[in-house]
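Everything in the sequence shown is counted per the numbering used here, starting at 73 for the first residue and increasing by one.
The beta-carbon is built from N, C-alpha and C at its ideal position, and this holds for glycine as well.
These figures come from a predicted structure and were not determined experimentally.
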Amino acid sequence: MEKIPLISHIYTNKLLVDFLNQKQELSSLHNGHSFDRLDQDFLDKKDVNVKKRNLLVNVLTSQYENIGLPVPDNVLQLSKKGSYTVTTGHQLCLFSGPQYFIHKIISILKSAIDLNKKHPNAHFVPLFWMASEDHDFEEISSVKVFGKGIDIDKSYNKAVGTLDSSVFSSALQELKELLKNDEKANEIVQLFDQAFTKGSWSNVTRFYLHHLFKEYGLVILDANDKNLKNSFKSVLSKEIKEKFIFNSVLDTNTILREKSYKPSINPRELNLFYLNENSRDRIISSNGNFSIGENKWSLKQLDELIDQQAELFSPNVLMRPIYQEFLLPNVAYIGGPSELTYWLQLKKAFDSINLEFPLLILRDHFGWIDSKSYDWWEEQGYSFEDLFKPYDNLVKINLSKDDTFDLSNAKEIFDQLVVSFKNTTVSIDSSVEQSINASLRNMEKEFVRIENKLLKAFKIKNQQKLGKIQKIQSKVINNGILNERTDNFIAPFLNCKGNYIEKLINTSQVDDYSLKMIRY
């Protein structure tokens, strides 16, 4: 397995990089970014009372039983004091969407395994939080499998978890057609086939994730639940009365800007949506009153509605972490780079309602490449890190190995000549320095033009070889974007020799900020 550092090669966001590098100026915005921070005091603060535990267990039990799934042992474990969750979450993407959806789950599974070994007197449960209330249909309704795009050409504005699976049936047919000649694909096609019979999109997602990860104790929660939201009423009420998230995040954003960081999210005045039958609508606050679509509400009316029908209220991106931590005995949230940066904006909001903040852990990153391609890559004299260089740089590296096109000496000689001209000009007559420098700049431009012409000629002459270089690089990264962010897991699942999930878990190490490349 090869690894490449994420911080130096992939991620450049200053806030994220400084957080991962444990910069002291960010210490007030989080509770730690490593499981080394866990001790008994931290665990005690993240515990929840028996009433909350029983509510959570009852809701989870019902959700599993409603679609005929056995209730995982880890659900029952959550009723016991000393049991904690390690959580990640994601939108309910078509066939799980890009690979990093799976990689987030791998990260919590491996973390729970490691923590259970390290802390034998506690029990850690990997929990996946389904973003079932998200209404961005466009973001979840397309997927790329073996380079082919599959998408749903429709539009919806309601909580996606409530959509019927029939909405996505055309995509299932496309997937079957795409994989019909692959014998190994039978297993995954049958799994999705069964899942699509379970009604809502939340149920579909729970079903296939349960079967993919049931051996590893994964627990899957849909928090769009009446009883769970009833328990959260006091926080919903505080939000409409005090706008505590807005005020807290504004203060944090000021601190971040003063430290030369750019906040990820600018908060809305009110961080709640309202769930209508066919839409999820933003609640807008104005002059002490509230509007939802064309309907107007007073503060008293809206507060009474929260008390009577809390299930109609839906957290937005900044309220969701608070809802999650309110419900769960959660020690850590494992998320992607953009998630961690907006979580860093929330600690003051947590503090304002006396809610303990979790550890923030960067999810693991994986790439896949076949051994034959990588062996050829090395034969060409390329290193693993070269995979992450711009394509034109790879061409120049290849060009420099060709005696016919080697310009490295010419460039070195030219640069020396420029320096010599400049020195000579100063020593003979400085009055012509400006004119000479202008001529030298024109010479440099002409040199670059000649270099580009030769580069173009080299590409034409070596089209087949360079095409292969580009193809191999595209197995890992395209235009600076890792393939795990664009390609679905089905291709590596089918290509992997042995157990795909076991391979990922054995490779995973969340405290090692690197992209792990797995050969198959």
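When the Cα atoms are used, E376 and P335 turn out to be separated by approximately 34 Å.
S443 sits exposed, since fewer than 16 C-beta atoms from the chains shown fall within 10 Å of its C-beta. Assignment of M589 by DSSP, reduced to helix, strand and coil, places it in the strand class. When beta bridges are read from the DSSP output, H162 appears opposite M202. Burial state of S386 is buried, judged by a 10 Å Cβ sphere holding 16 or more other Cβ atoms. In this structure I549 is in contact with F460, their Cβ atoms being roughly 6 Å apart against a cut-off of 8 Å. Put simply, of D223, A231 and L115 the residue whose alpha carbon is nearest the alpha carbon of D206 is A231. When F561, F209 and H437 are compared, the shortest CA-CA separation from D584 is found for H437.
Rounded to the nearest whole angstrom, the CA to CA distance from L78 to D90 is 13 Å. E311 and P170 have their alpha carbons spaced roughly 34 Å apart.
Ranking I441, F456 and G453 by CA distance to the CA of K569 puts I441 first.
Leaving aside the five residues that flank R329 on each side, the residues in its chain whose CB is nearer than 8 Å to its CB run, in chain order, P335. In its chain, beyond the 5 residues on either side, F167, S168, G169, P170, Q171, V215, K216 and V217 have a beta carbon closer than 8 Å to the beta carbon of N560. A check of alpha carbon separations from Q535 across T234, P142, S241 and V467 identifies V467 as the nearest. For M73, same chain residues with a beta-carbon under 8 Å away, outside a window of 5 residues either side, are T579, K588, M589, I590 and R591 in chain order. For S410, no beta strand (DSSP E) run applies; the uninterrupted alpha helix (DSSP H) run containing it begins and ends at P409 to W415, by DSSP. Under the three-state reduction of DSSP output, R435 falls in the coil class, being neither helix nor strand.
Look at E341 here: in three-state DSSP terms it is coil, with no helix or strand label.
C-alpha of S306 to C-alpha of E349: approximately 24 Å in a straight line.
The residues K310, A421, S424 and I425, in chain order, have a CB closer than 8 Å to that of F316 in the same chain once the five nearest residues on each side in sequence are set aside.
Distance check between V239 and each of N258, N193, E259 and E210 places E210 closest, using alpha-carbon atoms only. Boundaries of the alpha helix (DSSP H) around V122: V122 to E137. Exposed is the label assigned to L489, since fewer than 16 other Cβ atoms lie within 10 Å of its Cβ. For G539, the enclosing alpha helix (DSSP H) covers residues Q535 to Q545.
Residue pairing of P387 in beta bridges, as defined by DSSP: L344.
Listed in chain order, the non-local C-beta contacts of V291 below 8 Å within the same chain comprise L132, P144, N146, V147, L150, T157, V197, P198, L199 and F200, local neighbours out to five positions each way being set aside. Under the three-state reduction of DSSP, V239 is assigned to helix. Contact between the segment 355-367 and the segment 115-126 is not established, with fewer than three Cβ pairs separated by less than 8 Å. Taking all protein chains in view, the Cβ of R125 is crowded by 16 or more other Cβ atoms within 10 Å, so the residue is classified as buried. In the DSSP assignment, K75 falls within the unbroken beta strand (DSSP E) covering E74 to P77. Put simply, of S351, Y346 and R340 the residue whose alpha carbon is nearest the alpha carbon of S358 is R340. Of the other Cβ atoms in all chains shown, fewer than 16 fall within 10 Å of the Cβ of A529; this residue is therefore exposed. In the structure shown, T558 falls within a coil segment according to DSSP collapsed to helix, strand and coil. Counting C-beta atoms within 10 angstroms of its own C-beta, N555 has 16 or more neighbours from the protein chains shown and is therefore classed as buried. The beta carbons of K313 and L384 sit about 17 Å from each other, so the pair does not count as a contact at 8 Å. With a cutoff of 8 Å on beta-carbon distance, H81 and L92 are scored as not near each other.
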